[in-house]
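Below is one structure, written out as structure tokens; the observations come after it.
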Amino acid sequence: MVYYDLFFFLGLFPITAILSFLDRSAEYKNLILILASVLFFSWGRPFAVCLIFLSCILDWLISAVISKNIEKRALCTLLLLIDAASNIGLFLVFGHNYLFDDIKALSFESYIIPLGIGYYCIRGFSYVYDIYMGRAEYEKNIFCLLTYMVSLHFMMAGPHISYSKLEPQIRKRDTDGRKLNDGLVEMVLGLGKIILLAPVFERIKLAGLNGREITTIGCWLGMMAFFAQYYFMFTGLCDMAKGLGLVSGFEYPENYTDIEADGLFTGLVRSYNTTVIDFFSDVFACKRVNNPAAKAIVILLCGAAVSMWYEAKLSYLAVGLAAALLIVFEKLFLSKPLSKLPAWLKYVYLVITAMLIFGGLYFDSLYGYKKWLLALVNVNTRYMLSTAVKYSVLKNITLIMIAFFIVFAPAKNLVLGLWKNFSRRSRRCYGITKITQTVLTAFIFVLCIVTMAVQTKV
Amino acid sequence: MDIRNIKDFTVTDNKTEYESEKECELAEIASQKLEKDNTEAHYRFINIMTITLLLIFSAVLFLTVSGSNIVDDSSNVLTWKTFMSGDYTRSLKDSYDHDLPFPDEMKMLEERLSLIYGIGNKVSDPVKEVDEETDEQHNSFDEPTEPEDPANSEKVVTSVVTDEMGITVTTTAKKKGAKETTTTTAIDRPYDEETTTTTTSASATTTNTDPPEFTVTETYPVSQPGPTQTQPPETPTQTQPPETPTQTEEPEPPEPVDSEEPTE
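Keeping their order, the protein sequence lines are chains L and B.
Using this note's numbering, read the first sequence as starting at 13 and increasing by one per residue.
Using this note's numbering, read the second sequence as starting at 189 and increasing by one per residue.
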């Protein structure tokens with residue numbers, strides 16, 4: 013099951029939300045959350061996949077031993093490595109099961125493989141790592157840890173938050189009108205990104221990157237659409253996760269940030285899956301190392317680890333290393349000259365570097381990547397634009413414009429600024445903006461439900 | 189004495205003394221904040237009620253109203269075994285997805301709503317601007333590892349001939365200029381054992397699938413038979429071209445009445 017299933021959105025979610033409002037105590041809310049999460053996790057899959065959650069007990073036991081022997085660093089390091097190995101093993105078997113196609117005992121049908129196992133394993137390891145580093149205290153109540161580990165709003169797209177930061181909310185939290193309102197709005201907007209915007213870019217991507225009809229503009233637009241599709245898919249899931257969390261009473265940061273020109277390529281990388289990138293840079297001590305050569309090595313290792321976390325493919329590894337290399341260059345000597353460039357030129361730099369580096373994610377071989385690169389500069393292509401690309405853009409131009417205002421931070425800030433200024437003029441203006449927001453949210457809700465119903469039926 | 193000139197005075201009650209100017213300022217700020225909070229809460233309430241009601245209405249509608257005339261719950265029984273295997277939850281979701289209410293109306297509404305998405309969207313014309321053969325899994329830029337499907341090749345001429353017996357012969361051959369010349373033939377025989385067909389014209393169509401350089405479509409009238417009684421085919425019926433016996437020799441195409449050489 014996923015967040016954008018009709019069955020979840022109109023079934024499991026409202027029922028869970030209503031049940032969790034029946035009692036104010038955090039213990040009751042945690043229980044409902046754990047049960048709903050186990051149901052969400054095992055829906056349509058053998059219930060046995062929930063045995064994965066037993067790894068939580070291993071994390072808990074290891075953390076207990078570490079906390080009691082914190083001064084024996086060798087033992088603690090050994091235990092940490094055991095925990096890391098168990099989580100990596102779990103992640104590889106369930107997260108990257110395609111690696112075990114030849115091993116019958118470890119190869120599973122795709123429908124059995126649970127979702128969000130990558131985030132689950134990171135949470136398990138990070139808890140033990142925090143205990144090892146002395147940043148968190150050992151949790152005596154395993155149900156609190158279980159709430160942290162299996163909560164369904166962390167499952168699909170993060171964010172990854174350390175246990176020490178979330179622990180106070182697990183023990184005591186309230187759901188007030190503000191949280192409920194913000195949560196519902198976040199959920200609807202996130203659903204809109206997934207259901208309405210992401211498919212538009214998928215269509216443009218398929219039309220633009222069609223090997224039988226290679227055109228120059230198609231290659232540019234197709235790759236940008238490829239990025240946009242995954243951006244809206246991911247940010248939509250993050251918004252929905254945040255909304256689900258708010259409805260359950262949790263408050264935590266976003267797992268993505270706006271793409272700002274001043275952040276350069278490093279900022280662009282950090283803007284997507286921010287909390288996971290931060291976790292990996294923390295584990296690889298990217299911020300703690302000062303020596304330039306050592307820093308470059310740890311950043312490269314971090315880039316490789318993050319890319320392999322996404323997908324255990326050679327192309328992903330190459331992209332991860334290339335991105336890490338550019339980050340190293342920026343940190344060492346590119347950031348100063350680039351920061352003097354005007355904002356629009358920085359955006360051009362971002363678009364070109366993102367296209368060249370992350371474009372590699374689309375192709376399985378160097379052959380395809382090279383063919384696409386040449387097509388970008390109109391080599392080996394006969395036409396500039398195909399009718400398929402043209403129509404897929406024109407037929408969705410309104411949604412593309414909306415998407416542009418969401419992604420392009422200066423445009424978004426301008427619109428939001430004007431909107432806020434208008435709402436501050438008077439009480440009536442404030443009312444108009446709020447009612448407009450409500451109407452728009454309701455409209456997006458209806459659009460999403462109708463679209464989902466049609467897609468499900470098809 | 190003008191009351192406006194009074195700047196500092198003390199109001200005393202039984203318990204405390206207040207400096208009135210400060211008190212007024214603070215009271216004013218507190219009152220403004222309270223008003224702002226109340227206004228925010230008011231609109232927040234409207235928002236929550238709107239979305240919650242929509243959500244509950246949709247949830248109840250989708251749960252209670254079935255869009256399917258056939259309801260079969262007999263196979264979905266909650267037992268320990270079906271629950272543990274995931275069959276129960278899976279079939280529950282399948283039946284929910286299958287029974288969505290008002291499928292035709294939903295489709296119609298979605299088509300009308302999609303008119304605002306951009307320019308050129310039409311009602312009752314689902315957007316199909318993408319080549320159907322292009323899919324997410326197939327990355328068409330990558331080097332082909334298997335021999336290319338001749339039907340999809342750019343250098344292939346496909347001819348479809350339907351003879352008097354109702355047997356369709358599809359011939360694909362490499363175009364002039366291709367390095368190798370191979371010919372494959374697939375014969376598609378009709379299903380029915382005995383069929384009466386009335387054919388006014390049969391045609392052979394040769395389509396060059398090499399867009400956008402040139403596209404040539406040649407139509408050859410073969411014969412104009414009257415109503416015929418077709419005999420059941422002697423060979424076993426096979427509908428899938430790859431499974432039919434493949435003839436390596438080139439079938440004799442009907443004599444073209446009018447032909448055009450593809451020109452660039």
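Note that beta-carbon positions come from the ideal geometry of N, C-alpha and C, so glycine has one too.
For the region 292 to 307 of chain B, which residues have a CB atom closer than 9 angstroms to at least one CB atom of chain L, in sequence order? From the region 292 to 307 of chain B, only M294, K295, L297, E298, E299, L301, S302, I304, Y305, G306, I307 have a Cβ closer than 9 angstroms to chain L.
Leaving aside the five residues before and after S75 of chain L along the sequence, list all residues of the same chain whose C-beta is less than 7 angstroms from its C-beta, in chain order. Here residue 75 of chain L refers to the residue found at position 63 when the first sequence is read from its first residue. Around S75 of chain L: Y139, V140, I143, Y150.
Within the continuous alpha helix (DSSP H) that includes C12 of chain L, where are the two ends? Given that chain L is displayed from residue 13 to residue 470, the structure contains no residue 12 of chain L and the question cannot be resolved.
Using a Cβ-Cβ distance under 7 angstroms, would K446 of chain L count as near chain B? Taking the first residue of the first sequence as position 1, residue 446 of chain L is located at position 434. Cβ-Cβ to chain B under 7 angstroms: yes for K446 of chain L.
So which residues on chain L does K281 of chain B lean against when the C-beta distance must stay under 8 angstroms? For the purposes of this step, residue 281 of chain B is taken as residue 93 along the second sequence, with counting starting at 1. Result: M13, D17, F19, W55, G56.
Using a beta-carbon distance below 7 angstroms, is S32 of chain L in contact with chain B? Along the first sequence, read from residue 1 onward, the residue named residue 32 of chain L stands at position 20. No - not a single Cβ of chain B is within 7 angstroms of the one on S32 of chain L.
Beta carbon proximity, T450 of chain L to chain B, threshold 7 angstroms: Locating residue 450 of chain L in the first sequence gives position 438, where the first residue counts as 1. T450 of chain L belongs to the set of residues whose beta carbon lies under 7 angstroms from a beta carbon in chain B.
Does chain L have any CB closer than 7 angstroms to the CB of T277 of chain B? Position 89 of the second sequence holds residue 277 of chain B. T277 of chain B counts as touching chain L.
Which stretch, first to last residue, makes up the alpha helix (DSSP H) that contains V340 of chain L? Along the first sequence, read from residue 1 onward, the residue named residue 340 of chain L stands at position 328. Note, V340 of chain L: alpha helix (DSSP H), 326 to 341.
Hey, is V462 of chain L's beta-carbon within less than 7 angstroms of any beta-carbon in chain B? For the purposes of this step, residue 462 of chain L is taken as the residue at position 450 of the first sequence. Under the 7 angstroms criterion on CB atoms, V462 of chain L is classed as interfacial with respect to chain B.
Nearest CA to the CA of N235 of chain B: which residue from L:E198, L:A237, L:S32? Taking the first residue of the second sequence as position 1, residue 235 of chain B is located at position 47. Answer by Cα proximity: L:E198.
Counting pairs of Cβ atoms below 8 angstroms between the region 94 to 108 of chain L and the region 168 to 177 of chain L, do you hit three or more? Touching, no.
Looking at chain B, is there any beta carbon in it that lies within less than 7 angstroms of the beta carbon of F59 of chain L? Along the first sequence, read from residue 1 onward, the residue named residue 59 of chain L stands at position 47. Yes, its Cβ sits closer than 7 angstroms to a Cβ of chain B.
Pairwise C-alpha distance: I271 of chain L and V471 of chain L: Any answer about residue 471 of chain L is impossible in this case: the structure gives chain L only from 13 up to 470.
Helix, strand or coil for T405 of chain B, going by three-state DSSP, please let me know. Along the second sequence, one-based indexing puts residue 405 of chain B at 217. Unreliable placement is indicated for T405 of chain B, whose pLDDT of 45 sits below 50; the coordinate value is still reported in the next sentence. Note: T405 of chain B maps to strand in three-state DSSP.
When you compare only the Cα positions, how much space is there between A465 of chain L and W72 of chain L? Walking along the first sequence from the start, residue 465 of chain L turns up at place 453. Walking along the first sequence from the start, residue 72 of chain L turns up at place 60. Whole-angstrom Cα-Cα distance: 42 angstroms.
Kindly indicate if chain L contains any beta-carbon less than 7 angstroms away from that of N226 of chain B. Residue 226 of chain B sits at position 38 when you count from the first residue of the second sequence. Chain L contact via Cβ: absent.
Return the chain-ordered list of same chain residues with a C-beta closer than 7 angstroms to the C-beta of F155 of chain L, the five sequence neighbours on each side being excluded. As a first step, residue 155 of chain L is located in the first sequence; it is residue number 143 there, counting from the start. Once the five neighbours on either side are set aside, the close Cβ partners of F155 of chain L are N42.
Does the Cβ of W431 of chain L have 16 or more other Cβ atoms within 10 Å, making it buried, or fewer, making it exposed? The residue given as residue 431 of chain L occupies position 419 in the first sequence. Exposed is the label assigned to W431 of chain L, since fewer than 16 other Cβ atoms lie within 10 Å of its Cβ.
Using a Cβ-Cβ cut-off of less than 8 angstroms, give me the residues of the region 192 to 205 of chain L that come near chain B, in sequence order. From the region 192 to 205 of chain L, only L192, N193, L196, V197, V200 have a Cβ closer than 8 angstroms to chain B.
Taking Cβ positions only, does G261 of chain L come closer than 7 angstroms to chain B? Walking along the first sequence from the start, residue 261 of chain L turns up at place 249. At a cut-off of 7 angstroms between C-beta atoms, G261 of chain L does not count as an interface residue with respect to chain B.
Just the C-alpha distance for V14 of chain L and L242 of chain B, rounded to the nearest angstrom, thanks. One-based indexing of the first sequence puts residue 14 of chain L at position 2. One-based indexing of the second sequence puts residue 242 of chain B at position 54. Their Cα atoms are separated by approximately 21 angstroms.
Check whether the Cβ of S246 of chain B lies closer than 7 angstroms to any Cβ atom in chain L. The sequence position of residue 246 of chain B within the second sequence is 58, counting from 1. Interface residue, yes.
Mind listing the chain B neighbours of T453 of chain L? Cutoff is C-beta to C-beta under 8 angstroms, in chain order. Your numbering for residue 453 of chain L matches position 441 in the first sequence. Result: N235, T238, I239.
Within 7 angstroms of any Cβ in chain L, is that where the Cβ of D287 of chain B sits? The sequence position of residue 287 of chain B within the second sequence is 99, counting from 1. Not an interface residue.
Who are the Cβ neighbours of I226 of chain L in its own chain at under 6 angstroms, not counting the five residues just before and after it? Counted from its first residue, the first sequence places residue 226 of chain L at position 214. Excluding residues within five positions, the ones whose Cβ falls inside 6 angstroms are A387, T393.
How close, in whole Å, do the beta carbons of L276 of chain L and K358 of chain L come, if the pair is a contact with beta carbons under 8 angstroms? Translated into the one-based positions of the first sequence, residue 276 of chain L becomes position 264. Translated into the one-based positions of the first sequence, residue 358 of chain L becomes position 346. So it is a contact: roughly 7 angstroms between Cβ atoms.
On a Cα-Cα basis, can you pick out the residue from B:M237, B:L214, B:S254 that is closest to M294 of chain B? Your numbering for residue 294 of chain B matches position 106 in the second sequence. In terms of CA proximity to M294 of chain B, B:S254 leads the group B:M237, B:L214, B:S254.
Can you tell which of L:F120, L:G189, L:C298 has its C-alpha closest to the C-alpha of L258 of chain L? Within the first sequence, numbered from 1, the residue matching residue 258 of chain L stands at position 246. For the residues L:F120, L:G189, L:C298, the minimum Cα distance to L258 of chain L belongs to L:G189.
Considering only their Cβ atoms, is the gap separating S404 of chain L from R215 of chain L smaller than 7 angstroms? Position 203 of the first sequence, counted from the start, is the residue given in the question as residue 215 of chain L. Position 392 of the first sequence, counted from the start, is the residue given in the question as residue 404 of chain L. Contact: yes.
Which same chain residues end up closer than 7 angstroms to G130 of chain L when comparing Cβ atoms and leaving out the 5 residues on each side of it in sequence? The residue you call residue 130 of chain L lines up with position 118 of the first sequence. Sequence-distant Cβ neighbours of G130 of chain L in its own chain, meaning closer than 7 angstroms and more than five residues away, are F103, G107, W321.
Could you tell me whether any Cβ in chain L is nearer than 7 angstroms to the Cβ of N309 of chain B? Numbered from its first residue, the second sequence carries residue 309 of chain B at position 121. N309 of chain B belongs to the set of residues whose beta carbon lies under 7 angstroms from a beta carbon in chain L.
Proximal residues to L280 of chain B (C-beta, below 7 angstroms), its chain only, five neighbours per side dropped: If you number the second sequence from 1, residue 280 of chain B lands on position 92. Counting only Cβ-Cβ distances below 7 angstroms, and skipping sequence neighbours, we find N264.
Distance check for Y175 of chain L and R147 of chain L, CA to CA, integer angstroms please. Along the first sequence, read from residue 1 onward, the residue named residue 147 of chain L stands at position 135. Along the first sequence, read from residue 1 onward, the residue named residue 175 of chain L stands at position 163. Rounded to the nearest whole angstrom, the CA to CA distance from R147 of chain L to Y175 of chain L is 10 angstroms.
Return helix, strand or coil for K299 of chain L, following the three-state DSSP convention. In the first sequence, counting from the first residue as 1, residue 299 of chain L sits at position 287. In this structure, K299 of chain L counts as coil in the three-state DSSP scheme.
CB-CB under 7 angstroms to A210 of chain L, same chain, minus the five flanking residues each way: which ones, in chain order? As a position in the first sequence, residue 210 of chain L is number 198, starting the count at 1. For A210 of chain L, where only same-chain residues beyond five positions count, the Cβ hits under 7 angstroms are Q241, F244, M245, G248.
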